[in-house]
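In our numbering, the protein residues as written are 2 to 193.
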Amino acid sequence: MRIISGERRGMVLLGAKDKTIRPTMDQAKEALFNILSPISSTATVLDLFGGTGAIALEFLSRGAKFAVIGELRRKNVEIIKINVKKTRYEDKSRLELGDYRKILKKVSMDKLQFDYIFLDPPYHTDLAKNTLCEIKKYDILSKSDIIIIETANDENLQYDVDIFNLIDMRLYGQTKFYFLSSGDSYEGYLSR
2 MRIISGERRG MVLLGAKDKT IRPTMDQAKE ALFNILSPIS STATVLDLFG
52 GTGAIALEFL SRGAKFAVIG ELRRKNVEII KINVKKTRYE DKSRLELGDY
102 RKILKKVSMD KLQFDYIFLD PPYHTDLAKN TLCEIKKYDI LSKSDIIIIE
152 TANDENLQYD VDIFNLIDMR LYGQTKFYFL SSGDSYEGYL SR
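Okay, here's the thing in C-alpha coordinates:
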(Lines of atoms letter the chains of each structure in order from A and count residues from 1; the text may use other names and numbers.)
(Lines give C-alpha, C1' and ligand atoms only; values in the text may rest on other atoms or scores of the structure.)
Protein backbone atom coordinates (compact mmCIF):
# COMPACT_ATOMS: atom_id res chain seq x y z
CA MET A 1 0.00 0.00 0.00
CA ARG A 2 1.43 3.34 -1.03
CA ILE A 3 0.71 6.97 -1.79
CA ILE A 4 -0.05 7.11 -5.52
CA SER A 5 0.67 10.76 -6.34
CA GLY A 6 1.49 14.21 -5.01
CA GLU A 7 4.20 15.37 -2.64
CA ARG A 8 4.47 11.98 -0.87
CA ARG A 9 4.23 9.95 -4.10
CA GLY A 10 5.56 6.39 -3.77
CA MET A 11 5.72 6.45 0.03
CA VAL A 12 4.87 3.00 1.39
CA LEU A 13 2.30 2.96 4.18
CA LEU A 14 1.82 0.45 6.96
CA GLY A 15 -1.01 -1.94 6.18
CA ALA A 16 -3.52 -3.39 8.59
CA LYS A 17 -2.91 -6.79 10.18
CA ASP A 18 -6.66 -7.09 10.70
CA LYS A 19 -8.00 -9.18 7.79
CA THR A 20 -11.38 -7.41 8.03
CA ILE A 21 -9.69 -4.21 6.81
CA ARG A 22 -9.81 -4.06 3.06
CA PRO A 23 -7.67 -1.21 1.73
CA THR A 24 -8.69 0.43 -1.53
CA MET A 25 -6.54 -1.19 -4.20
CA ASP A 26 -3.99 1.06 -5.94
CA GLN A 27 -5.69 0.78 -9.33
CA ALA A 28 -9.10 1.78 -7.90
CA LYS A 29 -7.52 4.53 -5.80
CA GLU A 30 -5.70 5.95 -8.81
CA ALA A 31 -8.93 5.90 -10.85
CA LEU A 32 -10.80 7.60 -8.00
CA PHE A 33 -8.31 10.44 -7.72
CA ASN A 34 -8.15 10.87 -11.48
CA ILE A 35 -11.91 11.48 -11.34
CA LEU A 36 -11.59 13.94 -8.43
CA SER A 37 -8.52 15.80 -9.63
CA PRO A 38 -7.36 18.39 -9.19
CA ILE A 39 -7.69 18.59 -5.40
CA SER A 40 -7.92 22.19 -4.26
CA SER A 41 -5.35 23.50 -1.79
CA THR A 42 -8.27 24.71 0.36
CA ALA A 43 -10.06 21.32 0.40
CA THR A 44 -11.05 19.70 3.67
CA VAL A 45 -11.62 15.96 3.87
CA LEU A 46 -13.42 13.56 6.19
CA ASP A 47 -12.40 9.90 5.85
CA LEU A 48 -14.99 8.37 8.16
CA PHE A 49 -14.04 4.67 8.08
CA GLY A 50 -10.30 5.33 8.04
CA GLY A 51 -8.82 1.83 8.22
CA THR A 52 -5.14 2.69 7.66
CA GLY A 53 -5.70 6.36 6.78
CA ALA A 54 -4.49 5.82 3.21
CA ILE A 55 -7.31 7.71 1.47
CA ALA A 56 -7.06 10.79 3.69
CA LEU A 57 -3.27 10.77 3.31
CA GLU A 58 -3.65 10.52 -0.48
CA PHE A 59 -5.89 13.60 -0.39
CA LEU A 60 -3.25 15.45 1.65
CA SER A 61 -0.43 14.35 -0.64
CA ARG A 62 -2.42 15.72 -3.57
CA GLY A 63 -2.76 19.11 -1.94
CA ALA A 64 -5.78 19.07 0.39
CA LYS A 65 -5.52 21.51 3.27
CA PHE A 66 -6.80 19.33 6.12
CA ALA A 67 -8.23 15.86 6.81
CA VAL A 68 -10.12 14.27 9.67
CA ILE A 69 -9.69 10.51 9.86
CA GLY A 70 -12.28 8.57 11.80
CA GLU A 71 -11.81 4.99 12.92
CA LEU A 72 -13.66 2.68 15.31
CA ARG A 73 -10.96 0.10 16.12
CA ARG A 74 -8.11 1.07 18.44
CA LYS A 75 -5.58 -1.21 16.72
CA ASN A 76 -6.28 0.54 13.42
CA VAL A 77 -5.92 3.94 15.09
CA GLU A 78 -2.36 2.96 16.00
CA ILE A 79 -1.65 2.13 12.33
CA ILE A 80 -3.14 5.45 11.23
CA LYS A 81 -0.94 7.29 13.76
CA ILE A 82 2.14 5.58 12.32
CA ASN A 83 1.13 6.42 8.75
CA VAL A 84 0.36 10.05 9.61
CA LYS A 85 3.73 10.41 11.32
CA LYS A 86 5.53 8.72 8.43
CA THR A 87 3.96 11.11 5.92
CA ARG A 88 4.60 14.07 8.23
CA TYR A 89 0.98 15.23 8.07
CA GLU A 90 0.46 15.62 11.82
CA ASP A 91 -0.34 19.35 11.40
CA LYS A 92 -2.72 18.75 8.49
CA SER A 93 -4.77 15.94 10.00
CA ARG A 94 -6.81 15.00 13.03
CA LEU A 95 -7.63 11.50 14.17
CA GLU A 96 -10.97 10.67 15.80
CA LEU A 97 -11.60 7.37 17.58
CA GLY A 98 -15.21 6.22 17.64
CA ASP A 99 -18.14 5.14 15.53
CA TYR A 100 -19.45 7.27 12.68
CA ARG A 101 -22.29 8.79 14.75
CA LYS A 102 -19.94 10.00 17.48
CA ILE A 103 -17.45 11.40 14.96
CA LEU A 104 -20.09 13.21 12.89
CA LYS A 105 -21.53 14.79 16.03
CA LYS A 106 -18.04 15.85 17.17
CA VAL A 107 -17.00 17.49 13.89
CA SER A 108 -20.37 19.23 13.77
CA MET A 109 -19.90 20.59 17.30
CA ASP A 110 -16.44 21.77 16.22
CA LYS A 111 -18.11 23.57 13.27
CA LEU A 112 -16.01 21.78 10.66
CA GLN A 113 -17.21 21.63 7.07
CA PHE A 114 -15.92 19.28 4.41
CA ASP A 115 -15.46 19.45 0.66
CA TYR A 116 -14.98 15.67 0.46
CA ILE A 117 -16.41 12.93 2.63
CA PHE A 118 -15.12 9.45 1.87
CA LEU A 119 -17.09 6.45 3.15
CA ASP A 120 -15.69 2.94 2.90
CA PRO A 121 -17.72 1.01 5.48
CA PRO A 122 -17.68 -2.79 5.64
CA TYR A 123 -19.24 -4.17 2.49
CA HIS A 124 -22.76 -5.65 2.40
CA THR A 125 -24.02 -3.73 5.44
CA ASP A 126 -26.44 -0.84 5.97
CA LEU A 127 -23.63 1.40 7.22
CA ALA A 128 -23.40 3.53 4.06
CA LYS A 129 -27.13 4.30 4.14
CA ASN A 130 -27.11 4.90 7.90
CA THR A 131 -24.09 7.19 7.62
CA LEU A 132 -25.73 9.26 4.87
CA CYS A 133 -28.77 9.72 7.12
CA GLU A 134 -26.49 10.92 9.93
CA ILE A 135 -24.54 13.28 7.64
CA LYS A 136 -27.83 14.88 6.59
CA LYS A 137 -28.51 15.83 10.24
CA TYR A 138 -25.45 18.06 10.52
CA ASP A 139 -24.13 21.20 8.86
CA ILE A 140 -20.78 19.69 7.87
CA LEU A 141 -20.87 19.96 4.07
CA SER A 142 -19.31 22.79 2.12
CA LYS A 143 -21.12 24.38 -0.83
CA SER A 144 -19.12 22.24 -3.27
CA ASP A 145 -19.28 18.97 -1.37
CA ILE A 146 -18.71 15.53 -2.81
CA ILE A 147 -19.49 12.37 -0.87
CA ILE A 148 -17.75 9.27 -2.17
CA ILE A 149 -18.97 5.83 -1.14
CA GLU A 150 -16.88 2.75 -1.88
CA THR A 151 -18.76 -0.57 -2.11
CA ALA A 152 -18.30 -4.02 -3.56
CA ASN A 153 -19.15 -4.18 -7.25
CA ASP A 154 -22.21 -6.35 -6.55
CA GLU A 155 -23.78 -3.88 -4.11
CA ASN A 156 -26.54 -1.59 -5.29
CA LEU A 157 -27.04 1.58 -3.29
CA GLN A 158 -29.24 3.14 -5.95
CA TYR A 159 -32.24 3.22 -3.65
CA ASP A 160 -30.26 4.34 -0.62
CA VAL A 161 -28.61 7.43 -2.07
CA ASP A 162 -31.75 9.52 -2.63
CA ILE A 163 -30.91 11.57 0.47
CA PHE A 164 -28.32 13.32 -1.72
CA ASN A 165 -27.98 13.92 -5.45
CA LEU A 166 -26.29 11.04 -7.23
CA ILE A 167 -23.66 12.60 -9.50
CA ASP A 168 -22.06 9.49 -10.89
CA MET A 169 -21.25 5.84 -10.29
CA ARG A 170 -18.08 4.13 -11.52
CA LEU A 171 -17.00 0.49 -11.48
CA TYR A 172 -13.34 -0.59 -11.24
CA GLY A 173 -12.86 -4.35 -11.02
CA GLN A 174 -14.29 -5.49 -7.69
CA THR A 175 -14.86 -1.90 -6.49
CA LYS A 176 -17.74 0.48 -7.10
CA PHE A 177 -17.66 4.20 -6.30
CA TYR A 178 -20.77 6.33 -5.84
CA PHE A 179 -20.39 10.11 -6.06
CA LEU A 180 -23.05 12.22 -4.35
CA SER A 181 -23.59 15.86 -3.48
CA SER A 182 -25.99 17.89 -1.35
CA GLY A 183 -25.95 20.70 -3.92
CA ASP A 184 -28.21 21.14 -6.92
CA SER A 185 -25.46 22.37 -9.22
CA TYR A 186 -22.56 19.92 -9.31
CA GLU A 187 -21.56 20.00 -12.96
CA GLY A 188 -17.80 20.10 -13.30
CA TYR A 189 -17.10 18.56 -9.90
CA LEU A 190 -15.68 15.42 -11.45
CA SER A 191 -13.20 14.85 -14.26
CA ARG A 192 -14.37 12.55 -17.00
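Yeah, the Cβ is synthetic: ideal placement off N, Cα and C, and Gly gets one too.
Every value quoted in this text rests on a predicted model; they were computed, and no experiment measured them.
Ignore the nearest five residues each way along the sequence and tell me which others in residue i's own chain have a CB closer than 6 angstroms to its CB.
{"i": "D121", "result": "F50 and E151"}
{"i": "L128", "result": "P122"}
{"i": "K93", "result": "L61 and F67"}
{"i": "T132", "result": "Y101 and L120"}
{"i": "A65", "result": "I40, A44 and V46"}
Rounded to the nearest angstrom, what separates residue i and residue j at their Cα positions?
{"i": "I168", "j": "K103", "result": "27 angstroms"}
{"i": "N84", "j": "R9", "result": "12 angstroms"}
{"i": "T43", "j": "A55", "result": "19 angstroms"}
{"i": "C134", "j": "L105", "result": "11 angstroms"}
{"i": "I36", "j": "N154", "result": "18 angstroms"}
{"i": "K177", "j": "F34", "result": "14 angstroms"}
{"i": "D111", "j": "D48", "result": "16 angstroms"}
{"i": "F67", "j": "I4", "result": "16 angstroms"}
{"i": "D100", "j": "S183", "result": "23 angstroms"}
{"i": "V69", "j": "N166", "result": "23 angstroms"}
{"i": "T53", "j": "L158", "result": "25 angstroms"}
Can you name the residues that DSSP bridges to residue i?
{"i": "G11", "result": "BP columns for G11 are empty, so no partner."}
{"i": "D169", "result": "F180"}
{"i": "E72", "result": "L98"}
Please check the pair residue i and residue j, which I expect to be a contact at CB under 8 angstroms, by giving their CB distance rounded to whole angstroms.
{"i": "G71", "j": "E31", "result": "About 24 angstroms; that fails the 8 angstroms criterion."}
{"i": "M12", "j": "T88", "result": "6 angstroms"}
What residue from the options has the CA that sits closest to residue i's CA?
{"i": "R171", "options": "T88, Y124 and A29", "result": "A29"}
{"i": "I118", "options": "K86, G52 and I148", "result": "I148"}
{"i": "N77", "options": "A17, Y173 and T126", "result": "A17"}
{"i": "R95", "options": "T132, N131, A57 and H125", "result": "A57"}
{"i": "L181", "options": "K144, Q175 and Y173", "result": "K144"}
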